[in-house]
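Asker:
In our numbering, the protein residues as written are 241 to 541.
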């Protein structure tokens, strides 16, 4: 039995689809079962509730061989520690109590760098990994750089203003990964019963690109000029507060951006093993371009 958290989320839904194709016995933890497609509900065991809840994870992890673990975003959490470690605490206890054999979790790059203890969300993710590992379960942390999908959030600005904004310097070359590749790696590890112990699995994409590079590729794919604009860290934080984030979580996002700007994601050398296949150009063609064109359709309707 494989347990999937966040089965309706950006990564979890792809893990679920992959494992359904593999014919495995699956159980999902979901807040509302009606959020799952009707045909999927017929194929999986469902436990409703939050995977931060002790009773929910105790029920869900019974007779589990493996768990896909993803800590969902909590923009109004009182602290980054609460959002990651606090959310995971009951699950870590249940891994041990229920005899779960293997856990595959979504985490972040940065361990061992000078910025790891002041990198906001990344610091919280690494502390979450430590908590899970302390349970004694075999654990693989998928350590990711920024997600290519983050740029989709700015599809409207790209369409209407020809620009996207972040706080990182435009010429800082960084790895980035597509969620499809995270899900593929997670699915492979969940199906593989041969591994044990605790380790990190970096997923770096096929190349490092700066946001200026990214703007050039986006421009070529869309057939219209798009540029990247760096904004001050204070303005970056204020935008999250305006969107309803707690002060602590907005600061966590800003601290993460600052650490990435300093080199947080550049500490792992790319190898054939940690280079995921989806290029930024391919991702733009298949994901970003339809999202931007969708903005055009929405404006016309």
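Where a beta carbon is used, it is the ideal one built from N, C-alpha and C, also for glycine.
Assuming residue 257 contacts residue 273 (C-beta within less than 8 Å), just tell me the rounded distance between them.
Answerer: Not confirmed; about 17 Å, so no contact.
Asker: With burial defined as no fewer than 16 other Cβ atoms inside 10 Å of the residue's Cβ, what is the status of residue 341: buried or exposed?
Answerer: Exposed.
Asker: Quick check: the segment 333-352 against the segment 302-321, are at least 3 beta-carbon pairs closer than 8 Å?
Answerer: Touching, yes, given that three or more Cβ pairs across the two stretches are closer than 8 Å.
Asker: Can you list, in chain order, the residues of its chain whose CB lies under 6 Å from that of residue 440, leaving out five sequence neighbours each side?
Answerer: Answer for residue 440: 381 and 383, listed in chain order.
Asker: To test your reading of the DSSP string, which unbroken alpha helix (DSSP H) runs of 4 or more residues are found completely within the segment 435-462?
Answerer: 451-462, all fully within the segment 435-462.
Asker: Ends of the alpha helix (DSSP H) at residue 509?
Answerer: Run containing residue 509: none; DSSP gives neither H nor E here.
Asker: Between which two residues does the beta strand (DSSP E) holding residue 344 run?
Answerer: Element bounds for residue 344: 342-348.
Asker: DSSP three-state label for residue 540, please.
Answerer: Confidence at residue 540 is low in this model, with a pLDDT of 42, below 50, so the placement of that residue should be treated as unreliable; the coordinate-derived value is given next. Three-state result, residue 540: helix.
Asker: Excluding five sequence neighbours on each side, which residues of the same chain lie with their C-beta closer than 6 Å to the C-beta of residue 446?
Answerer: The answer, listed in chain order, is 515 and 519.
Asker: Is it buried or exposed for residue 465, if we count other Cβ within 10 angstroms and need 16 for buried?
Answerer: Flag for residue 465 reads exposed.
Asker: In the DSSP assignment, what are the bridge partners of residue 422?
Answerer: According to DSSP, residue 422 bridges with nothing at all.
Asker: Return the chain-ordered ranges of every beta strand (DSSP E) run that is complete within the segment 278-342 and spans a minimum of 3 residues.
Answerer: If we require 3 residues or more, the beta strand (DSSP E) runs fully inside the segment 278-342 come out as 285-288 and 306-309.
Asker: Take residue 309 as the anchor and find which of 419, 531, 379 and 491 has the nearest alpha-carbon.
Answerer: If we check each option's Cα against that of residue 309, 379 comes out closest.
Asker: Label residue 444 either buried or exposed according to how many other C-beta atoms from any shown protein chain fall within 10 Å of its C-beta, with 16 as the threshold for buried.
Answerer: With 16 or more other Cβ atoms within 10 Å, it is buried.
Asker: Report yes if the C-beta of residue 450 is less than 7 Å from at least one heavy atom of the ligand HEM; otherwise report no.
Answerer: For the ligand HEM, the structure offers nothing, since it holds no ligand at all.
Asker: Can you tell me whether DSSP reads residue 416 as helix, strand or coil?
Answerer: Residue 416: strand per DSSP, three-state reduction.
Asker: When the Cβ atoms of the segment 484-494 are set against those of the segment 344-361, are three or more pairs found closer than 8 Å?
Answerer: With the cut-off at 8 Å, the segment 484-494 and the segment 344-361 touch.
Asker: How is residue 271 classed by DSSP in three states: helix, strand or coil?
Answerer: Three-state result, residue 271: coil.
Asker: If you draw a straight line from the alpha carbon of residue 537 to that of residue 437, how long is it in whole angstroms?
Answerer: Here residue 537 scores only 48 on pLDDT, less than 50, and its place in the model should not be relied on; the value that follows carries that caveat. The alpha-carbon atoms of residue 537 and residue 437 are separated by roughly 50 Å.
Asker: Can you give the Cα-Cα distance for residue 390 and residue 525, rounded to whole angstroms?
Answerer: Their backbone Cα atoms lie some 15 Å apart in a straight line.
Asker: Around the C-beta of residue 442, are 16 or more other C-beta atoms found within 10 angstroms, so that it is buried, or is it exposed?
Answerer: The residue is buried, with at least 16 neighbouring Cβ atoms inside 10 Å.
Asker: Do residue 416 and residue 449 come within 8 Å of each other at the CB atom, strictly closer than that value?
Answerer: Contact flag set, yes.
Asker: I think residue 325 touches residue 367, with their Cβ atoms under 8 Å apart; what is that distance to the nearest whole Å?
Answerer: Yes, residue 325 and residue 367 are in contact; Cβ-Cβ is about 5 Å, under 8 Å.
Asker: From this set, 333, 507, 241 and 521, which residue's C-alpha is nearest residue 456's C-alpha?
Answerer: Comparing Cα-Cα distances from residue 456 to each of 333, 507, 241 and 521, the minimum goes to 521.
Asker: So, do the segment 483-492 and the segment 316-323 have three or more beta carbon pairs nearer to each other than 8 Å?
Answerer: Contact between the segment 483-492 and the segment 316-323 is present, because at least three Cβ pairs lie under 8 Å.
Asker: For residue 384, which beta-bridge partners are listed by DSSP?
Answerer: Per DSSP, 348.
Asker: Put residue 250 into one of helix, strand or coil per three-state DSSP.
Answerer: Residue state, collapsed to three classes: coil.
Asker: Near residue 469, what residues of its chain come up, given a Cβ to Cβ distance below 6 Å and the 5 sequence neighbours on each side ignored?
Answerer: Same-chain partners within the cutoff: 403 and 405.
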